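> Dumping the structure here so I can ask a few things about it.
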Amino acid sequence: MIPEIGQFALILALSLAICQGVLPLLGAYRNDTAMMRVANTAALGQFFFVAVAFACLTWAFLSNDFSVLYVANHSQLSLPTMYKVSAVWSAHEGSLLMWILILCAWTVAVSRFSSELPATFSARVLGVLGLLSVGFLLFAILTSNPFDRLSPPASDGADLNPLLQDPGLAIHPPLLYIGYVGFSVAFAFAIAAMLSGNLDQKWARWTRPWTTLAWLFLTLGIMLGSWWAYYELGWGGWWFWDPVENASFMPWLIGTALIHSLAVTEKRGLFKSWTLLLAITAFSLSLLGTFLVRSGIIVSVHAFATDPTRGFFILAFLATVVIGALVLYAWRAPALDSDVGFSPLSRETFLLLNNVLLVVAATLVLMGTLAPLVIELMNGGKISIGPPWFEVAFMVPMIPLVLLLGLGMHTAWRKQDKRSWYTVFRIPAIAAILLGIVLPLMFYGRTGLLLAVGFSAALWIIATSLIQPIRSLRRKDGSAGITRSALGMSVAHLGMGLFVLGVTVTSAFNVESDRALKPGESTDVGGYDFAMLELRNVEGPNYSAIEGVIEIRKDGELVATVRPQKRQYLVQKNWMTEAGIHATWNKDLFVALGDQLGNGAWSVRVQYKPMIRFIWFGAIIMALGGLIAVSDRRYRLKASKTSRASSAAAESA
Amino acid sequence: MSRYVLPLVAVVVLVVFLVVGLKRGDPKALPSPFIGKPAPEFELPTLKDPSATIASEDLQGKPALVNVWATWCVGCRAEHPFLLELAAENSIPVYGINWRDTRAEALRWIEQLGDPYIASGFDGSGRVGIDWGVYGAPETFLVSADGVVLHKHLGPLNRQAWERDFAPLITTGGGAAQ
Chain A
48 MIPEIGQFAL
58 ILALSLAICQ
68 GVLPLLGAYR
78 NDTAMMRVAN
88 TAALGQFFFV
98 AVAFACLTWA
108 FLSNDFSVLY
118 VANHSQLSLP
128 TMYKVSAVWS
138 AHEGSLLMWI
148 LILCAWTVAV
158 SRFSSELPAT
168 FSARVLGVLG
178 LLSVGFLLFA
188 ILTSNPFDRL
198 SPPASDGADL
208 NPLLQDPGLA
218 IHPPLLYIGY
228 VGFSVAFAFA
238 IAAMLSGNLD
248 QKWARWTRPW
258 TTLAWLFLTL
268 GIMLGSWWAY
278 YELGWGGWWF
288 WDPVENASFM
298 PWLIGTALIH
308 SLAVTEKRGL
318 FKSWTLLLAI
328 TAFSLSLLGT
338 FLVRSGIIVS
348 VHAFATDPTR
358 GFFILAFLAT
368 VVIGALVLYA
378 WRAPALDSDV
388 GFSPLSRETF
398 LLLNNVLLVV
408 AATLVLMGTL
418 APLVIELMNG
428 GKISIGPPWF
438 EVAFMVPMIP
448 LVLLLGLGMH
458 TAWRKQDKRS
468 WYTVFRIPAI
478 AAILLGIVLP
488 LMFYGRTGLL
498 LAVGFSAALW
508 IIATSLIQPI
518 RSLRRKDGSA
528 GITRSALGMS
538 VAHLGMGLFV
548 LGVTVTSAFN
558 VESDRALKPG
568 ESTDVGGYDF
578 AMLELRNVEG
588 PNYSAIEGVI
598 EIRKDGELVA
608 TVRPQKRQYL
618 VQKNWMTEAG
628 IHATWNKDLF
638 VALGDQLGNG
648 AWSVRVQYKP
658 MIRFIWFGAI
668 IMALGGLIAV
678 SDRRYRLKAS
688 KTSRASSAAA
698 ESA
Chain Y
253 MSRYVLPLVA
263 VVVLVVFLVV
273 GLKRGDPKAL
283 PSPFIGKPAP
293 EFELPTLKDP
303 SATIASEDLQ
313 GKPALVNVWA
323 TWCVGCRAEH
333 PFLLELAAEN
343 SIPVYGINWR
353 DTRAEALRWI
363 EQLGDPYIAS
373 GFDGSGRVGI
383 DWGVYGAPET
393 FLVSADGVVL
403 HKHLGPLNRQ
413 AWERDFAPLI
423 TTGGGAAQ
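Just so you know, the protein sequences line up as chains A and Y, in that order. Letter by letter, the first sequence follows residues 48 to 700 in our numbering. Letter by letter, the second sequence follows residues 253 to 430 in our numbering.
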C-alpha cells in the first residue's frame, strides 16, 4: 500500500510539474498575472508530493519491505538503520528520486527568496525549472520506477553494496546532487533572461548567490568523494580521473568560471553572452554527467547498472534541453552583448584569462573522458586514457591559472595603474619564490623544478589572498572594512592555495611501499618503522574481518597504533579494505591490508603521505569562502529594500 | 553571428556521437568490435603466483577460451560448474582474467569451487578489462590459434550457448590453424 501511495504521489507531482512548466511561461508571454502566480503554488505542491514519494521509499527500506524490487536489491535485514536510510539513494532509481526532490527544494527556495524579482522574470525562472522537473519525473516514472513490485516478495534482500556502507558515502551523493542540481537555477535564470531579452547587472546580482551556493555544495561533494576513495578503496590515491569523477569535476570547473564571469557581468555589465553560455554549459555538463553514469556508455568503477532505454531517455532529454537552450542562445545572445571597453591591465582581463583557462581545463577533461569512446567509434580500437595523460594535460592550463590568480585579485576594474600594481606584488612574489625553494629543502631535504613551481605557486596564492584581509584588520577606525564578498573571495583563494600546497607536497614526497609482513615482522617506510604485532579476527554487525595491529615508531618512539581491516560482508561475500590511517595535520601514515600470501604473511601497503590533509582542508576552505560570499549584505539588503518598496507601492495603490 | 551558433554545432556533433555510442553500448545487440581482429595484447601477473606472468603469447598455438571473471559476480558463480566441465572434457584450454577483484578472495574461490583455468591473470585494476572491451563479468572470448578473437559471449556461459556459438567455430578455427 505505502509504495503505491509513493507511486501516486510521483504522478501527482508530474501533473503539477506540467502546470508549473507551462502556465507561468505562457502567463509571462501573455502578461497574465493569474497564470504566472500558478508557479509558486505548483512548485510548493510538487515539492510536497515528491517528498511524500521519497518518504514512502524510505519507509519501505526501514520496514524491510522486500516486495519492492528496489528495496530487495539494495537492502537486507541486518543492515544498520543508518545505511537503510542511505540505501534509498544508493542506486539509480532512488538517487534519481533524490535528484528530483533536490530540484524541487531548489525551486521552492527560488520561489521563496525571489520576491524582489519582477513577476514575469520569476515566472519564467520557475517555469523553466518546472520543465526540467517534468523531464526528470517522466524519466523516473517511465524508465526507473523505484516502487516496482517484486512478486513473490524476497525473504531477505541482496544487501547494500558494502563499498557504500560508509558514513562518507552516505552524505556524498546528496551534497553532490545539491551542487549538480543547483546549477539548474543558474540555467533557469539564463533562459529567463534570454526569453525576456533583457540582461542587466541586476540579473547578475540575482544569479550570483544561487550559483555560488550550488558551487560550494559541489565543492564539498567532490571533496567528500575524494576523501572516501582515499580511505575506503585502499589504494591511498585521492583522485583517479575516473569518468564519473570527471563528470562531477567538469561542472565544477565551468561553475567556477561562471562565478568569475558573473562578477564581471555584475560589476561592469560585460561578458554577458559569455556568462549565459557558461550558465548553460554548467548545467548541461551536470546532465552529461548523469548520462555518463547511468547509461553505461563508458566503463567506470562507479557506473550504475546499464540499461540502454535509460541511456536513450537521458540522451533525448539532454539533447532537448541543451539544444533548445543553445538555439535560444544563438537567437537572443547577439542582442544582449554590450560594447564597453577595458584596458589590457585591468581585472576584466584577468577574469577573462581565468575563464579561458578554466574552460580549456574542462575541455581537456571532457576530451579525456570521451576520447576512448570517440576513438572506438572511429574504428581506432579501444584505448584507455589514464591518469598520466590527465595529470600532464591538466597542468597546462592550471599553472598559469594559479599564477594569474594572485595578480588578478589585486588589479582594479577598468584600468590599473602600473606602478602601484608592482608595489603590491614585490614582497609576496619574492617571498613565495624564495620560500618555495627553501622550505621543501628544509623540511623534506630536496627540491626540484616542478616541486619548486608548485610550492611557490601555492605560497604565492596564499600570500596574495591574505593581503586584503590583513589590510582590513589593520585599517584605521572609520575606514570601510572588507566586504563579505571580497572576504569570501580571499578565503576561497586561500583554500585554493592550501589545496595546491597539499597536492604538490603529497605528489612529490609521498612514499609508497608494498611489503609482505608476518606478525612479528616490520618494515621501514619514509623514516617510520611499521611493525605488525598480530593479526586477529573481528566481528562487526554485518561483516567479519581480519584486523592487523600495526605499531608505528619513529626512532624507537611509539607514534601510533593503527588497525587496518579486511572485511568480508556476510551477504554479498565481497571483501572490503578498511585502511588504518594515522593522521596529523602535516602527514598521513596509511596502512592497508592487501592479500593473504600464504604461510601467515599478508601483503601490506604502507604509505607515507605528507600534507595530504591540505587537499581536503583546502577544498573545505574554498567552500567556506563561497559561504562567506553568499552571506554578503548586498544580496539581502536589496531584497528587503525592494520588497518593502513594493509592499509600500501596493499599499499606496 | 557565427560565434553564437558555434556551441550549438559542437553540441549537435557531440549528441550524434553519443547516440552512436549508445547504440554500440547495447552489449546484447552488437558483437564486440574485436571479432575477427587480433586479441588485444596483455601481460598480467598470474593469480596464484604474482611473480609469474601470463601474456598473449601463452594463448597461441591452439584455440583458447579467455574467461573474464570475478568473485563478486553472481553470473560467474552460475557458469563456474560448466567451465569445470569444459576443463574436464579437455576440449579447449581455458584461461581466466580475474577482473577487478582481490587476490585473496579469488584464491579462496578457486580453492572452494575448483579451478577450471590453466592459468588466470590477475587484473585487479581492470586495465586489461578495458583493453578487451569488457562491459561486465562474466564475459568469455574465443581466441583462435593465431590469436584472433572469433567470438565473444556475454553473461554466464552454458552448454547450449557453447554448442551453438563456440563449438562450430572451434572446428573451423582449428582447421585454419593446421
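Backbone N, C-alpha and C fix where the C-beta goes; we use that ideal spot for every residue, glycine too. Just so you know, these numbers come straight off a predicted model, no measurement behind them.
Going along the segment 295-309 of chain Y in order, which residues come within less than 7 Å of chain C, judged by CB to CB distance?
The structure shown contains no chain C; its protein chains are A and Y.
> Who does G647/A pair with in a DSSP beta bridge?
Its beta-bridge partners do not exist; DSSP assigns none.
> Considering V552/A, what are the terminal residues of the alpha helix (DSSP H) in which it resides?
Taken as a continuous stretch (DSSP letters only), the alpha helix (DSSP H) holding V552/A covers 531-556.
> If the criterion is Cβ atoms closer than 8 Å, does the pair A233/A and W257/A meet it?
Yes, Cβ-Cβ distance for A233/A and W257/A is below 8 Å.
> Relative to the C-alpha of Q54/A, which residue among L365/A, V115/A, D571/A, Y224/A is closest?
Among L365/A, V115/A, D571/A, Y224/A, the Cα nearest to that of Q54/A is on V115/A.
> Just confirm the distance between the C-beta atoms of P408/Y and P390/Y, as a whole number of angstroms; I'd bet it's less than 8 Å.
Indeed, because the Cβ distance is near 6 Å, the residues count as touching under 8 Å.
> Please report the distance separating the alpha-carbon of L332/A from that of D679/A.
So the two alpha carbons sit approximately 28 Å from each other.
> Helix, strand or coil for S687/A, going by three-state DSSP, please let me know.
Because the pLDDT at S687/A is just 48, under 50, the model does not fix this residue reliably, and the value given afterwards should be weighed accordingly. If DSSP states are grouped into helix, strand and coil, S687/A belongs with the helices.
> Anything in chain Y within Cβ reach of Y277/A, meaning under 8 Å, just list it in chain order.
Residues of chain Y passing the Cβ test: none, with the nearest at roughly 16 Å.
> Using a Cβ-Cβ distance under 8 Å, would P259/Y count as near chain A?
With 8 Å as the cut-off, P259/Y counts as an interface residue toward chain A.
> Distance, Cα to Cα, E341/Y vs G381/Y?
Cα to Cα, E341/Y sits roughly 27 Å from G381/Y.
> Return helix, strand or coil for P657/A, following the three-state DSSP convention.
Strand, per DSSP.
> Could you name the residues of the segment 89-115 of chain A whose beta carbon sits closer than 9 Å to any beta carbon of chain Y, in the order they occur along the chain?
Under the 9 Å Cβ criterion, the segment 89-115 of chain A contributes no residue.
> Where are the alpha helix (DSSP H) runs, 4 residues long or more, that stay fully inside the segment 254-334 of chain Y, in chain order?
Entirely contained in the segment 254-334 of chain Y, the alpha helix (DSSP H) runs reaching 4 residues are, in chain order, 254-277, 308-311.
> Please confirm if W622/A has its CB atom under 8 Å from at least one CB of chain Y.
Answer yes: the Cβ-Cβ gap between W622/A and chain Y drops below 8 Å somewhere.
> Apply the 10 Å Cβ neighbour rule to I58/A and answer buried if 16 or more other Cβ atoms are within range, or exposed otherwise.
Per the 10 Å Cβ criterion, exposed.
> Three-state secondary structure (DSSP) at A372/A?
Residue state, collapsed to three classes: helix.
> Any idea what DSSP makes of A478/A, helix, strand or coil?
Note: A478/A maps to helix in three-state DSSP.
> According to DSSP, simplified to helix, strand and coil, what is F264/A?
It is helical.
> Do W351/Y and G378/Y have their C-beta atoms closer together than 8 Å?
Contact: yes.
> Starting from the N-terminal side, write out each stretch of the beta strand (DSSP E) that is 3 residues or longer and does not extend beyond the segment 572-649 of chain A.
If we require 3 residues or more, the beta strand (DSSP E) runs fully inside the segment 572-649 of chain A come out as 575-586, 590-601, 604-609, 612-616, 622-625, 627-631, 634-645.
> Based on the DSSP secondary-structure assignment, which residues constitute the bridge partners of D375/Y?
D375/Y is bridged to W351/Y.
> Taking only beta-carbon positions, decide if F269/Y is within less than 8 Å of chain A.
Output row for F269/Y: interface = yes.
> Is P381/A close to chain Y? Criterion is C-beta to C-beta, closer than 8 Å.
Yes, P381/A lies at the interface with chain Y (some Cβ there is under 8 Å from its Cβ).
> Assuming K131/A is part of the alpha helix (DSSP H), what are its boundary residues?
That run of the alpha helix (DSSP H) goes 128-133.
> Would you kindly check if the distance between the Cβ of F397/A and the Cβ of L451/A is under 8 Å?
Cβ distance < 8 Å, so L451/A and F397/A count as in contact.
> Leaving out the 5 sequence neighbours to the left and right, which residues in its chain are closer than 7 Å to P516/A when beta-carbon positions are compared?
Excluding positions up to five away in sequence, the list reads I529, L534, S537.
> Note the first and the last residue of the continuous beta strand (DSSP E) segment covering E391/Y.
From DSSP, the beta strand (DSSP E) with E391/Y extends over 391-395.
> If the criterion is Cβ atoms closer than 8 Å, does the pair W288/A and F437/A meet it?
Yes, these two residues count as a Cβ contact at 8 Å.
> Judging by CA-CA distance, which residue of L497/A, G492/A, A326/A is the nearest neighbour of V443/A?
Nearest option by C-alpha distance: L497/A.
> Does any CB atom of chain Y fall closer than 8 Å to the CB of A697/A?
The predicted position of A697/A is uncertain, since its pLDDT is 42 and thus under 50; a value taken from the coordinates is nonetheless stated next. So, not an interface residue.
> Could you give the residue range of the alpha helix (DSSP H) that holds V228/A?
Residues 214-243.
> Pick from H540/A, G495/A, F296/A: whose alpha carbon is nearest that of T511/A?
Selected option, being the one with the closest Cα: H540/A.
> Mind checking which residues open and close the beta strand (DSSP E) that includes V401/Y?
Start and end: 401-406.
> What is the C-beta distance between W275/A and D213/A, in whole angstroms, given that I count them as a contact (C-beta under 8 Å)?
Correct: roughly 6 Å between the Cβ atoms.
> Assuming Y76/A is part of the alpha helix (DSSP H), what are its boundary residues?
Taken as a continuous stretch (DSSP letters only), the alpha helix (DSSP H) holding Y76/A covers 49-77.
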